[in-house]
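Encoded as structure tokens, the structure appears first; notes follow it.
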Amino acid sequence: MKTFKNSKSLKFDLESDYELYLEINISTAGNVSTSVSLDENTSFKYNGRVKVGTYEQFKNKIIIIDHIFSFSGIDKDNIESAMHQTQITYSLVTVIGPVKPLKNKKPEDLIEDKIGVSRIIKIN
């Protein structure tokens, strides 16, 4: 089995306590198994979106993601096409919230039974 490696550096401007989630979406005709290593002590088989820790924990660190693809159930004439169509999207996501925007509001704050909430999110 050949293994192909590539890497990507990401720059975030996040608060140190923001939680980070890893999400991997794979589109393939084959079967795939994915393993994630966060450090020398933490490795796991990826099986859906997972919280990996806080921004501060991963600042200047490396996450290693290994995929093993099997195209054994595909006709030999179609294997190359199936390989070329394989697509992976990696997302390292932070979630703001849950927030409680109405926690300090009272029914008197309603205007005709309605209240508005606005949030500004700056992306750097």
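Start counting the sequence shown at 461; every next residue gets the next number (this note's numbering).
All C-beta atoms, glycine included, are put in the ideal place defined by N, C-alpha and C.
1) Using CA coordinates, which residue listed in 550, 532 and 547 is at the minimum distance from residue 491?
2) Using a Cβ distance threshold of 8 Å, determine whether the stretch 482-501 contacts the stretch 541-561, with at least three qualifying pairs required.
3) Take the Cβ of residue 518 as the centre, count every other Cβ of all protein chains shown within 10 Å, and call the residue buried at 16 or more, exposed below.
4) To the nearest angstrom, how far is the alpha carbon of residue 562 from that of residue 511?
5) Are the stretch 562-582 and the stretch 533-543 touching, with three or more C-beta to C-beta distances below 8 Å?
6) From residue 506 to residue 534, what distance separates their C-alpha atoms?
7) Over what stretch of residues does the alpha helix (DSSP H) that includes residue 541 continue unbroken?
8) For residue 476 and residue 516, I'd like the C-alpha separation in whole angstroms.
9) If we count the other Cβ atoms within 10 Å of its Cβ and call it buried at 16 or more, is residue 570 buried or exposed?
10) Reducing DSSP to helix, strand and coil, say where residue 477 ends up.
11) Check residue 500 in the structure and name its three-state DSSP category.
Quick look at the numbers:
1) Nearest C-alpha to residue 491: 532.
2) yes
3) buried
4) 27 Å
5) no
6) Rounded to whole angstroms, residue 506 to residue 534 spans 24 Å at the Cα level.
7) 539-545
8) Distance between the alpha carbons of residue 476 and residue 516 is about 5 Å.
9) exposed
10) coil
11) coil
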